[in-house]
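Notes for the one structure printed next.
Numbering (the working numbering), first residue to last: 500 to 580.
Here is the structure:
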């Protein structure tokens with residue numbers, strides 16, 4: 500049961516990471532759209548895309564660990580026999 504609770508906590512952390520990624524991406528997109536004079540060919544758009552993909556990959560990895568703990572991990576007894 501403890502592994503399930505830990506998995507739920509980790510899923511919550513992944514959701515928090517997702518919210519941070521979303522808000523950061525929105526703010527960065529607004530900044531780049533107002534400051535970049537090159538339009539869609541501006542290299543800053545490529546860096547936003549790369550940073551977003553890396554962040555979403557990290558979030559998916561954390562969520563996968565949480566899902567593993569919820570559904571596939573068995574509770575272990577850490578006390579000495």
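C-beta: ideal position from N, C-alpha, C; glycine also.
Contacts around residue i, its chain only, beta-carbon distance under 8 Å, and the 5 residues preceding and following it disregarded
| i | result |
| --- | --- |
| residue 520 | 551, 554, 555, 558 |
| residue 541 | 531, 535 |
Residues near residue i by beta carbon distance below 6 Å, same chain, minus five either side
| i | result |
| --- | --- |
| residue 572 | 502 |
Distance CB(residue i)-CB(residue j) smaller than 7 Å
| i | j | result |
| --- | --- | --- |
| residue 526 | residue 562 | no |
| residue 564 | residue 507 | no |
| residue 568 | residue 505 | yes |
The alpha helix (DSSP H) enclosing residue i, as first and last residue numbers
| i | result |
| --- | --- |
| residue 518 | 501–534 |
Residue i in three-state terms, based on DSSP
| i | result |
| --- | --- |
| residue 571 | coil |
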